[in-house]
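Residue numbers (the numbering used here): 5 to 323. Just so you know, even glycine gets a beta-carbon here, dropped at the ideal spot from N, CA and C. Bear in mind the structure is a predicted one, so any value in this text is a computation, not a measurement. Each remark here refers to the structure printed beneath this line.
Below, the structure is given as structure tokens:
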């Protein structure tokens, strides 16, 4: 149903000097809309402010003028002017929309390499007071970014932003610096265990033992002292990979303590109304046990397939 913004009349003129009446309206600055003739009748739309003038002109030229007020937005609002629930509902809906757009309903971490790193980022944000339900205008994004970079060494860059009530934390992992080896320092390779050599791969230095030879711990395997064909002796940084078979005994000890928990089968449930991160109890009974296992679950309400930030939060206790 269409509503006009201004008050207008749907008029029908017949009889008398019809065309003189129409020309007189035009001379008086009254311009009609949707003019059309049906037989000896002229139909048109006229603004309410010109209705009195048009009526006087109709009487002057002997024209019969019939009218019907067209439905308008002003008329509709005027009819409901004493229904205070409508403006109050609009104000409450606007306040609710404003509140939902300025609180954190979801925190997403983009660019994190592991679940443990994501949990660490969320923990640091929680220490800064940034959790689900936090007021977005009060969040100091620069301070949170600095705290994340200082607390997590693996992060090279952190950026925070929000889209509506969704808080996005974008992180970039630091590229690990490769370990630098000084290849010019002279050294030898010696056996780390009593073993039998199974494979060798020498990059620099002189091999002193062959595959299949038994060696003792500390025995020289690759020498950094090299003598060439001319008898010249030089010092090198011995490098290589030597593997072998050896036996190693490892003993682990710890104090043993056996604790058995026997469930009683008693269960209790506490329900809350989860309203924008507020847990409002729906019952007042005591659900505490001296020893129990607690599990939680959420049931969110939805509207037109979209999940709402309102639902039922349940806590189950099993003794």
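Residue i and residue j closer than 7 Å at C-beta
i	j	result
residue 279	residue 255	no
residue 191	residue 228	yes
residue 69	residue 17	yes
residue 151	residue 124	no
residue 97	residue 128	no
residue 198	residue 220	yes
residue 218	residue 200	yes
residue 101	residue 67	no
residue 270	residue 297	no
residue 284	residue 276	yes
Buried versus exposed call for residue i [16 or more other C-beta atoms within 10 Å across all chains shown]
i	result
residue 246	buried
residue 240	buried
residue 216	exposed
residue 317	buried
residue 35	exposed
residue 248	buried
residue 22	buried
residue 196	exposed
residue 111	buried
residue 189	exposed
residue 5	A caution first: residue 5 carries a pLDDT of 40, below 50, which makes its placement in the model too unreliable to give a value.
residue 250	exposed
residue 148	buried
residue 12	buried
Residue i in three-state terms, based on DSSP
i	result
residue 6	For residue 6, the predicted model reports a pLDDT of 44, less than 50, meaning its position is unreliable and no value from the coordinates is stated.
residue 144	coil
residue 180	coil
residue 92	helix
residue 103	helix
residue 236	coil
residue 213	coil
residue 49	strand
residue 270	coil
residue 264	coil
residue 97	helix
Whole-number beta carbon distance between residue j and residue i, since they are thought to touch under 8 Å
i	j	result
residue 115	residue 212	Actually they are not in contact, since the Cβ atoms of residue 115 and residue 212 sit about 50 Å apart, beyond 8 Å.
residue 244	residue 193	6 Å
residue 273	residue 303	Not a contact, Cβ separation roughly 13 Å.
Chain C within 7 Å of residue i, Cβ atoms only
i	result
residue 280	In summary, chain C is missing from the structure at hand, where a single protein chain is found.
- Decide yes or no for the touch test of the region 155-164 against the region 205-214: beta carbon pairs closer than 8 Å, at least 3 of them. no
- Kindly confirm or deny that the region 128-137 and the region 101-108 touch, where touching means at least three C-beta pairs closer than 8 Å. yes
- If we count Cβ pairs, one from each stretch, closer than 8 Å, do we get three or more for the region 38-47 versus the region 81-95? no
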